[in-house]
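All the letters of the sequence shown, read from the start, carry residue numbers -19 to -1, 1 to 1017 under mature numbering (1 follows the signal peptide of the UniProt record, and there is no 0).
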Amino acid sequence: MNIRIFLSLLFIFPLLATAQKAVVTETEKEFLTYPFGEPSPVPILAERSNRIYPYHSFDGYSATGQKQKWKVVKLENDYIEVYILPQVGGKVWGAIEKSTGKEFIYRNEVMKFRNISMRGPWTSGGIEFNFGYIGHTPATTNPVDYKTQENADGSVSCFVGTMDLPSRTQWRVEIRLPKDKAYFETHALWNNPTPITQSYYNWMTGAAVVSDDLEFFYPGDEELGHDGANGPWPVDAAGRDISKYANSRFGSHRSSHIVGEYTDFMGGYYHKSNFGFGHWALYNDMPGHKLWLWALSRNGGIWEDLLTDTDGQYMEFQAGRMFNQFQASSLRTPITQVPFSPGMTDRWQELWFPVKDIGGLSDVSPQGVLHVTRDQGKLSIGVNALAASQAKIIVTSNGKVIHAESKSLKPMEVVQTSVPLDGKAPFEVVVEGMDLRYSSENKNLIKRPFASSFKADPTSASYLYYAGMEQKESRNYKGAKTFLLNCLTKDAQHIGAVTALSELYYRSHQFDSALYYSNLGLQLDAYDPGVNYYAGVNYRAQGDLLNALETFGWAARSAEYRSPAYAQMAAIEIQRGDLTLGEQYAQQAIDFNRYNFNALHTLAIIYRKTNRAAEADKTLEKLLTADALDHFADFEKYLLHNTPDNLARFKATIQNEFPYQTYLEVALQYQSLGLADDAIQVLDKAPAQPLVHLWKAYLKQDASALTAIAAESPAFVFPFRLETVEVLQWATQKSDHWKFKYYLALNDWGIQREKDALTLFQACGTAPDYAPFYTSRAFLQKGKDSRQELADLETAQRLDPKDWRTTSTLIEYYERQQDHQKTLTLSAAAVKKFKGNYTLGLQYAKALLNTGQYAASVKTLEGMTILPFEGSSDGKTVYEQAYMLWALDLIGKKKYADAMTKLEKSKAWPENLGVGKPYDADTRMQEYAEAFCLQKMNKGKEAEALQTAIIEYSNQQPLEPTLNNILPFWVWQKKGDKAAMQAWIEKLNTVASQRPAHRWVVATASGDQSGKQSAETGLKGNPYFLIVEKLKGLGI
């Protein structure tokens, strides 16, 4: 769709529109809420992921609901209603088309939080805005900043957004409802204010209800997996039309990224109710079109029960800035990660709309939706207007106009027509005035390759470099360093690697090392813009402003670094006191990127400092027009015009989960410019918090304040910024209190300097009286000092015996040590003390299993209700293992009929354990044992049938790296079928997996005793491996 046409259409039909006005209201609505809680004071570094520190996780989820009030923002015009939840990630709760009363954005009427996101809690439905790192945004179920606004054109807006803490990028979404359109808009803004690249991930995740009559309209001819693997769309390799929801009754949950056409839309249509939903954005803005489905088996169906009460199952239609939600694998494809460049601001617009009465979606524009079908010698044409339009429908065939008609349409008005046409004749349908077009010949297919024919050489410098960059953009900075250093051993003059290493060492606050690599690069190429830029970043970090200016000046000659380099130079000139030159550089930065917020902030400060209030006001207005939630601009306005109203305005929009972090971020922008007094003014108004107090003490050089800070609780104090390292180093020099070493250790850990973190933890000795300290130190001791790890875990439990997590972590230690008796003793006591805790209950069931108490393990599991995390199956796994080991004991006693009963029960999927039965469950291990029992019971034909079933399953299902893959080999071995055995070995060798189970299967089948023994080390303590060993030991 031509955006110029769209923009001009906004002014063509004003007479068609009435004096409509959109309305915005704020209310509190009472929802049935299944709450989450139990925030963990242990840093997430020791629990889930170092990629999202400094966020903390949540461990408490409820199986019962309670009434709770939530803030709801409602946008409404004559055609649609849109609901927003600023306290739940700022998500769109749902949207309704008013003439039908139907939802075109799925609205879940309960808040049913479940352990699905990176931090834990998540609730389904609506539209979720995901920025930063792959997965659900860390803010997804927590309050974000927001602001509502009535616009001069009669539209209304709700702005939502916050800072992604690990990357310190700022994201905003303006949800705007025009007064006279049957769609709402989302205008996204994402800014990287840091001087270095950040991970780049954005997907806008809409939800819609599913039913068997639902058809997906995703233009394209290929689908991509997360790893970039491609397959055909919409008819898959098995001949199934998977654009029909009803045809998805196979496999597991589906995650398909549809590619191959240069089109701007996707959507779905319910043929029975004659209604649908859709999304539109320019292809260049949002080329990613993802379809997510829960499995149609009970494996997915159970999540309908877990996530909603009455609203039914849903799907997700996701729009992304990239082709797919990339996850690296051994597969070599053209799909990679991309970086978010320093100083960059990305902006884009999307539309979300309903459609009715026309049967589907063939083309979409902001003016309307077109659907064309061909059947029984005629074309059926339907047009659903989304805006007031003067439409002319023109149908041509073989260069001749065969039909033309004009219509004046209001929003959500539908026109339908049919045109006789020979069954094979080419045709084109154009709706003039609505920018809609569809033809029998697909003219939108693109030629881009989505598969690679290149053979990867893992030892080459090129491979190591790209692998390092993938790790860097995935926030695995330690892993990235390893690859890039290895790259330099292959090619010491790889300038890309030395540039990336300069950035990586800056990230870990190792500026000398960073400059070492910058200078290596400068020896290779004095003018390389990337090398010069990161040299400037590191020189500035060290306070060497002269050399920073010199190297930034060279970087500014390149288009890539021009704007961020000039913005850095402007900031340095403020530090040096030359505001005139600072203004010049800031203007040059803005010349090349008018959304360089760093440069605009600098310019506003310069105008204030030079008493040019009118120019300062104009700059601040520009900032707040671009970003209504620019907190720095709000505070700068307060400094410019020091009034209570301006201070109140600044505070009013800071409503996110961690308001003190917002104050710190604003203060540190002033601090980075050498404006300590301005920074202190910000911190004076910030909520009380130890890091706020530390920064104030540091800026004032007030060591006496450290005594009071040391007395504050360390709970949820998670320092992570590079700048805070120097503050904490100062504090450790001025005070010997353990908390400052602990905070510095966390900061070092957060920048992936675990060795330095452990040294600081150890320096604290036994002084801390805080359980999470010991839990964290124990984590860092894993694999290094088992005795100290145990001592720390025991100390944590002693200090906080009321927190079930200290006991659970201690049990985990003994599980890893395979001290099953100790595990049983601890877990048995824990389940009595913390009744109803399913984490401890599952640990107890495992302990019973591992001590041979299979009946007791099963009984424990049958009395539990597990609220799982997405993809979890621990409860079912223990249940299956208990019954199978029980059966093997019975086989050893020659009680074959009883064993058969237990084996059959092991195939069950009790949903109280938090997982539903999938299609094509792998029961080969049970069938293998059942076949043995049947043979012993003189039922040879039935045994033969089960052996055949094992082989058929193995040949028909995708080959996963599991111990069960040895079973068909053993069947063939017993039959003496050497050809089948060899073919199976060859097939196993096509699977690129280093999992111990797979390595063991391959080595066992191949007769590789050394490889077999090596793999067994990794399988030690695995109950499934114990089952396999028992099968062999019993001669099965």
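Using N, Cα and C, we set each Cβ at its ideal position, and we do this for glycine too.
Just measuring C-alpha positions, the residue of Asn627, Leu842, Asp737 and Arg575 sitting nearest aspartate 598 is Asn627.
Annotation note: the stretch 838 to 902 contains the following uninterrupted alpha helix (DSSP H) runs of length 4 or greater, listed N- to C-terminal: 855 to 873 and 877 to 887.
A check of alpha carbon separations from threonine 289 across Tyr619, Tyr900 and Thr45 identifies Thr45 as the nearest. DSSP, read as helix, strand or coil, puts proline 439 in coil.
If you draw a straight line from the Cα of leucine 274 to the Cα of phenylalanine 198, it is about 14 Å long. For phenylalanine 492, there is no enclosing beta strand (DSSP E); the enclosing alpha helix (DSSP H) has its first and last residue at 492 to 505.
In this structure the stretch 176 to 195 touches the stretch 243 to 255; the number of beta carbon pairs closer than 8 Å is three or more.
For the pair asparagine 280 and proline 942, the CB atoms are not nearer than the 8 Å cut-off. Not a single unbroken stretch of the beta strand (DSSP E) spanning 3 or more residues falls wholly within the stretch 798 to 838. Per DSSP, the unbroken beta strand (DSSP E) holding threonine 143 starts and ends at 137 to 145. Secondary-structure assignment with DSSP links phenylalanine 39 through a beta bridge to Pro20.
The secondary-structure analysis by DSSP pairs methionine 247 across a beta bridge with His260. Residue pairing by DSSP places lysine 381 opposite Ser378 in a beta bridge. DSSP places arginine 702 in the coil class of the three-state scheme, outside both helix and strand. In this structure, DSSP gives alanine 648 a helical state, which the three-state scheme calls helix.
Take the alpha-carbon of lysine 271 and the one of leucine 1000: they are about 37 Å apart. Contact between the stretch 434 to 451 and the stretch 399 to 412 is absent: fewer than three C-beta pairs spanning the two stretches fall below 8 Å. The secondary-structure analysis by DSSP pairs valine 63 across a beta bridge with Leu56 and Ala76. The residues Tyr900, in chain order, have a CB closer than 7 Å to that of phenylalanine 231 in the same chain once the five nearest residues on each side in sequence are set aside.
Of the residues assessed, glutamine 299 falls on the buried side of the cut-off, its CB having 16 or more other CB atoms within 10 angstroms. Assignment of proline 949 by DSSP, reduced to helix, strand and coil, places it in the helix class. For the 8 Å CB-CB criterion, leucine 13 and lysine 50 do not form a contact.
Cβ-Cβ distances below 6 Å link glycine 655 to Gln556 in the same chain, with the five nearest sequence neighbours on each side left out; the list follows chain order. When beta bridges are read from the DSSP output, lysine 50 appears opposite Glu11. Pairwise C-beta distances place the stretch 548 to 563 in contact with the stretch 524 to 531, as three or more of them are shorter than 8 Å. Judged by beta-carbon spacing, serine 808 lies within the 8 Å limit of tyrosine 825, meaning their Cβ atoms are closer than that value.
Annotated as distal: tyrosine 164 and valine 141, with beta-carbon spacing of 8 Å or more.
Alanine 189: member of the beta strand (DSSP E) spanning 183 to 190, first to last residue.
Selection Gly206, Glu394 and Lys391 evaluated against glutamine 306 yields Gly206 as nearest (Cα-Cα). Within the same chain, and ignoring the five residues on either side of isoleucine 587 in sequence, the residues whose Cβ sits closer than 6 Å to its Cβ are Leu560, Gly563 and Glu564. Comparing alpha carbon positions, the residue from Leu871, Gly517 and His490 closest to arginine 702 is His490. Note: threonine 150 is bridge-paired with Asp145 in the DSSP secondary-structure output. Contact between glycine 856 and leucine 894 is confirmed by a C-beta separation of about 3 Å, below the 8 Å threshold. By alpha-carbon distance to glutamate 413, the top candidate from Pro323, Lys388 and His37 is Lys388. Here glutamine 504 is exposed. Its C-beta has fewer than 16 other C-beta atoms within 10 Å. In this structure, the alpha-carbon of proline 1004 lies about 7 Å from that of glutamine 862.
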